[in-house]
Amino acid sequence: MTTATSPIATAPRLGWFNSLPSVTRRTITGYLFIMPFILGFLFWFLAPALVAVWLTFTDWNLIRAPRYVGFDNIWRLGTDKLFWQSLKVTTLYTLASVPLGLVLAFLLALLINTKVRGIAFFRTIYYLPSIVPAVASAVLWAWIFNTEFGLLNAILRWFGIARIAWLQDPTYALWALIMMSLWGVGGAMIIYLAGLQGIPDVYYEAAEIDGAGRLRQLWNITLPLLSPVIFFNLIMSIIGTFQVFTAGYLITDGGPQNATLFYVLYLYRNGFEYLNMGYAAALAWVLFFIILVLTLLIFRYVGGMVHYEDNT
Amino acid sequence: MSGQGVSRRQFLKISGMSLAAVGLAACAPAAPQPGAGEGAAPSSEVVTISFMGWGNPGEDEGVRNAIAVFEEETPNVKVTWMHTPENYAEKFLANVAAGTPPDTAFVGSDVYRTYIRDGLLLDITDYLELDPLLGAENYFIEPQESERCTVDGRWYGIGSCWVAPHIYYNADIFEAEGIEPPSNDPDEAWTWEQFVDTARALTVDVNGNHPGDSGFDVQNVDRWGVHWDYSNGTVLYSAVNINGAHWIEPDTLKLDIDTPAGVEAIQNLADLMLVHQVMPQSTAFQGLGMTNTQMLENGKLAMAIDGSWALDWMKNMRATLGTSVLPQMSRVATNMQAHLHSGMSGSKNPDAAWAWVRFLSTPFYQTQFCRTGLWLPSQTALMTEEGLTEWITEGVHPTDYYKIATEYLPRFGMVLYQPIGWPRANSVIQPALDAIWIGDMTAEEALTAAVPEANAILEEEQART
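As given, the protein sequences belong to chains A and B, one line each in that order. Residue numbers for the first sequence follow numbering that gives the first Met the number 0, so the first one is 0 and each next one is one higher. Residue numbers for the second sequence follow numbering that gives the first Met the number 0, so the first one is 0 and each next one is one higher.
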């Protein structure tokens with residue numbers, strides 16, 4: 000509470016501010032408070048994004064001044080085999096890892112939503128991998144997938160299965176990275192857990208009195224009431240998997256035979272290795288539109304299935 | 000809510016103006032101005048120049064030592080070290096794009112020619128020719144130094160050192176098996192047959208069988224004969240060099256590996272895994288901390304073909320380390336390259352930039368890293384009997400290692416050319432090689448298809464104006 004005698008209130012330069020109507024003062028104060036976000040958004044997101052629109056129409060190698068080339072970068076997409084390959088790889092990765100991740104995270108959330116002794120410990124254990132830095136995870140999994148000395152092939156050997164060149168054979172490399180992605184489901188799991196804990200017990204108690212079994216409760220209570228959370232995780236996972244980069248960059252470098260050439264890895268290579276920043280900007284905008292359209296489609300066709308409790 | 004309309008409009012107006020300013024700033028021309036350094040500071044005035052480079056903690060320390068000595072010798076120039084160990088190329092280019100390139104920098108041999116074409120690097124030819132020390136005939140190993148540094152006869156940087164692939168081996172294994180190890184003397188280089196036979200003799204499965212024996216179990220190998228690190232470009236290319244071919248032909252600046260010699264060399268390398276079964280398949284982990292060093296050390300590997308730089312860590316292994324020149328398929332050879340030190344054409348202090356680049360090419364700086372095993376010298380003064388005592392270090396360099404520097408590189412080293420557009424051309428070559436290594440395609444099938452496509456990319460990139 001500022002009093003009339005405080006130095007701030009008596010500072011002459013704020014006199015104009017005090018003379019404003021109180022609603023205006025509150026509005027300005029409000030905007031000042033959110034200014035850090037707004038400035039960050041403008042300077043670090045919107046401005047670069049708009050510059051990238053312009054770069055899409057240029058040939059720019061980061062060294063010389065950008066040169067306007069019209070729609071060349073857009074037409075080039077049509078004939079660029081690696082663009083289509085990266086799109087295919089990323090789509091496959093999304094199609095496999097998103098449903099697997101959603102189901103696994105959900106099952107784990109159900110598991111750690113039980114009231115047993117030491118549950119906090121288990122929750123920590125299952126969540127831990129998702130806060131391990133991506134590079135450390137990549138190193139760990141590179142060892143697990145190693146053809147000669149890897150843990151995975153050692154397990155296969157116990158079952159008499161011949162070793163697999165997980166990261167050298169194009170048939171398996173993408174699957175290896177999909178498997179690895181499941182290691183990080185802890186984030187989605189925690190969101191499910193929060194959702195599960197928000198479901199009032201009374202529903203389950205009522206269902207039990209009505210004679211509903213566990214599966215029936217899961218189907219008729221848990222899933223509908225959790226559907227906004229599932230929907231949220233679905234959208235976030237799709238956005239995340241379309242932007243996947245680290246595993247392909249660190250473990251396989253896009254190989255073997257471009258089997259793990261993720262879209263963003265290809266974009267990065269164009270920008271910083273091939274020095275085609277104009278083309279990289281075009282790729283970035285295409286990715287933005289792909290994600291936008293997918294998100295809108297999901298809202299249109301899946302959003303209707305989401306149950307909102309306060310929906311009247 | 001009546002007051003909100005006005006302030007929102009004002010707010011949007013201010014935001015819009017800020018945004019426009021950012022946009023304009025981002026679009027400002029970033030290209031360096033050739034000749035901008037003409038107004039260099041007079042020599043009495045102290046100038047500060049920046050120096051950008053990568054490097055592990057040891058290299059970081061070496062640069063700091065060098066700056067201390069340089070600033071003492073050259074009191075009117077101060078050097079600000081911008082140590083950038085990770086994602087160097089991106090950060091360097093971001094500085095260039097922002098219109099604030101450093102005055103001097105490490106320049107990778109893979110981008111050197113691109114940067115020259117785009118006018119980024121300072122032409123130091125006149126400085127160099129007038130310099131009594133560096134300009135002297137045969138100060139550097141020639142003709143290799145001129146070959147790597149000059150474009151149309153002009154110099155835009157000086158090589159930091161040389162590095163070259165060669166053999167490392169666990170000498171204890173050779174002794175235990177009673178096999179004569181290979182030599183550092185290029186005149187005693189093994190033939191390819193000798194190399195493969197030795198690798199076969201040294202490869203053994205858990206039951207004691209060697210490749211070719213009935214019952215040899217390739218799934219359960221206890222010790223591999225050799226590991227040729229084909230995941231590292233330089234090390235891979237040396238296989239082509241020892242068959243008398245270039246990876247990139249220096250005259251045409253095109254890929255030359257679809258020739259009979261190139262195809263044969265790459266097939267020979269793949270056959271170490273696919274036919275002779277003396278080499279493990281997995282090499283995808285080199286960047287992730289798992290190296291052939293541990294395998295050599297714990298006796299799971301007898302020989303490793305890797306870059307000379309690896310001596311910096313190989314020297315620490317507990318087993319007895321030996322080194323040798325590469326085997327020959329049709330000729331004794333290896334390739335040689337290293338990053339360069341360059342001034343930037345946009346520097347306001349080109350004289351100071353040259354003074355620093357020049358200092359980095361004097362023995363003090365190079366010797367530091369030669370002593371640790373990371374570098375091989377590029378200065379002839381470090382290859383005389385007296386010069387060798389400056390850097391050959393007991394406990395680092397194995398017996399007769401000096402011959403790699405004094406005989407192997409000067410006589411048989413082929414400068415590795417990486418022309419404009421090479422990284423993009425490699426996007427076609429790498430998948431072809433992946434298919435060869437696992438036997439999906441023969442070298443001939445894969446390279447006959449990929450090389451013309453890669454060369455078309457090189458042509459397109461080299462014509463990019």
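All C-beta atoms in this analysis are idealised placements derived from N, C-alpha and C, irrespective of residue type, glycine included.
Given a threshold of 16 other Cβ atoms within 10 Å of its Cβ, counted over all protein chains shown, does residue i qualify as buried or as exposed?
i, result
"Pro210 (chain B)", "buried"
"Leu222 (chain A)", "exposed"
"Ala24 (chain B)", "Residue placement at Ala24 (chain B) cannot be trusted, given a pLDDT of 40 that sits under 50; what the coordinates show is reported in the next sentence. It is exposed - the Cβ of Ala24 (chain B) has fewer than 16 other Cβ atoms within 10 Å."
"Gln293 (chain B)", "exposed"
"Trp15 (chain A)", "exposed"
"Phe288 (chain A)", "exposed"
"Thr113 (chain A)", "exposed"
"Leu457 (chain B)", "buried"
"Ile229 (chain A)", "buried"
"Lys402 (chain B)", "buried"
"Gly117 (chain A)", "exposed"
"Glu37 (chain B)", "Low per-residue confidence applies at Glu37 (chain B): pLDDT is 36, beneath 50, and the placement is therefore not dependable enough to give any value."
"Arg299 (chain A)", "exposed"
"Tyr67 (chain A)", "exposed"
"Phe50 (chain B)", "buried"
"Met34 (chain A)", "exposed"
"Ser346 (chain B)", "buried"
"Leu271 (chain B)", "buried"
"Gly77 (chain A)", "exposed"
"His306 (chain A)", "exposed"
"Gln196 (chain A)", "exposed"
"Glu176 (chain B)", "exposed"
"Thr369 (chain A)", "Residue 369 (chain A) lies beyond the range of chain A shown here (0 to 311); nothing can be said about it."
Out of the options, state which residue places its alpha-carbon closest to the alpha-carbon of residue i.
i, options, result
"Trp165 (chain A)", "A:Thr251, A:Val22, A:Leu286", "A:Thr251"
"Trp182 (chain A)", "A:Arg66, A:Trp74, A:Val97", "A:Val97"
"Ala108 (chain A)", "A:Gly186, A:Ile208, A:Thr78", "A:Gly186"
"Leu114 (chain B)", "B:Tyr126, B:Trp223, B:Gln417, B:Ser213", "Looking at the sequence provided, one finds Tyr at residue 114 (chain B) rather than Leu. Among B:Tyr126, B:Trp223, B:Gln417, B:Ser213, the Cα nearest to that of Tyr114 (chain B) belongs to B:Gln417."
"Ala303 (chain B)", "B:Val277, B:Gly243, B:Gln218", "B:Val277"
"Glu187 (chain B)", "B:Val46, B:Ile435, B:Val324, B:Lys347", "B:Val324"
"Ala332 (chain B)", "B:Arg410, B:Tyr364, B:Pro101", "B:Arg410"
"Leu225 (chain A)", "A:Asn257, A:Ile190, A:Ala211, A:Val201", "A:Ile190"
"Gly386 (chain B)", "B:Val395, B:Pro397, B:Gln365, B:Leu446", "B:Gln365"
"Ala380 (chain B)", "B:Glu58, B:Ala135, B:Val62", "B:Ala135"
"Ile157 (chain B)", "B:Ala170, B:Ile140, B:Glu60", "B:Ile140"
"Trp83 (chain A)", "A:Leu103, A:Leu266, A:Ala161, A:Ala119", "A:Leu266"
"Thr361 (chain B)", "B:His340, B:Thr99, B:Ser344, B:Asn219", "B:His340"
"Asn75 (chain B)", "B:Asn454, B:Val414, B:Gly394, B:Asp350", "B:Asp350"
"Asn219 (chain A)", "A:Ala141, A:Pro227, A:Ala206", "A:Ala206"
"Val195 (chain B)", "B:Arg222, B:Thr392, B:Pro326", "B:Pro326"
Looking at the unbroken beta strand (DSSP E) that takes in residue i, where does it start and where does it end?
i, result
"Val220 (chain B)", "220–227"
"Met302 (chain B)", "300–306"
"Gly177 (chain B)", "It is not in any beta strand (DSSP E) - Gly177 (chain B) carries neither H nor E in the DSSP assignment."
"Ser341 (chain B)", "339–342"
"Ala104 (chain B)", "103–106"
My assumption, with CB atoms under 8 Å, is that residue i sits in contact with residue j. Please give the rounded CB distance.
i, j, result
"Tyr262 (chain A)", "Leu286 (chain A)", "6 Å"
"Leu260 (chain A)", "Val52 (chain A)", "Actually they do not touch by this definition, with Cβ atoms about 25 Å apart."
"Tyr125 (chain A)", "Ile143 (chain A)", "That belief does not hold up - the Cβ atoms of Tyr125 (chain A) and Ile143 (chain A) are roughly 18 Å apart, past 8 Å."
"Asp102 (chain B)", "Asp399 (chain B)", "About 41 Å; that fails the 8 Å criterion."
"Val78 (chain B)", "Phe69 (chain B)", "6 Å"
"Arg330 (chain B)", "Gly243 (chain B)", "5 Å"
"Val95 (chain B)", "Ile297 (chain A)", "That pair is no contact at about 41 Å."
"Asp109 (chain B)", "Asp228 (chain B)", "With 8 Å as the limit, Asp109 (chain B) and Asp228 (chain B) do not qualify as a contact, their Cβ atoms being about 18 Å apart."
How is the alpha helix (DSSP H) around residue i delimited, first residue to last?
i, result
"Val62 (chain B)", "56–72"
"Thr366 (chain B)", "362–371"
"Ser145 (chain B)", "143–148"
"Val102 (chain A)", "80–111"
"Pro199 (chain A)", "Where Pro199 (chain A) is concerned, there is no enclosing alpha helix (DSSP H), given that its DSSP letter is neither H nor E."
"Pro169 (chain A)", "169–180"
"Phe120 (chain A)", "118–126"
Would you say the beta carbon of residue i comes nearer than 8 Å to a heavy atom of the ligand FAD?
i, result
"Ala200 (chain B)", "Annotation note on the ligand FAD: not contained in the displayed structure, which lists no ligands."
**Asked** Can at least three beta-carbon pairs, one atom from the segment 345–356 of chain B and one from the segment 107–123 of chain B, be found at a separation below 8 Å?
**Response** yes
**Request:** Inspect the CB distances between the segment 146–153 of chain B and the segment 163–179 of chain B and report whether three or more fall short of 8 Å.
**Result:** Judged by pairs of C-beta atoms under 8 Å, the segment 146–153 of chain B does not touch the segment 163–179 of chain B, as fewer than three such pairs exist.
**Request:** Pair every Cβ in the segment 243–258 of chain B with every Cβ in the segment 416–430 of chain B, then say whether three or more of these pairs are closer than 8 Å.
**Result:** yes
**Asked** Is it a yes or a no for the segment 211–224 of chain B touching the segment 422–435 of chain B, going by three-plus beta-carbon pairs under 8 Å?
**Response** The answer is no - the segment 422–435 of chain B does not touch the segment 211–224 of chain B, with fewer than three Cβ pairs under 8 Å.
**Message:** For the segment 247–266 of chain B against the segment 441–461 of chain B, do three or more pairs of beta-carbon atoms, one drawn from each stretch, fall closer than 8 Å, so that the two count as touching?
**Reply:** Yes, the segment 247–266 of chain B touches the segment 441–461 of chain B.
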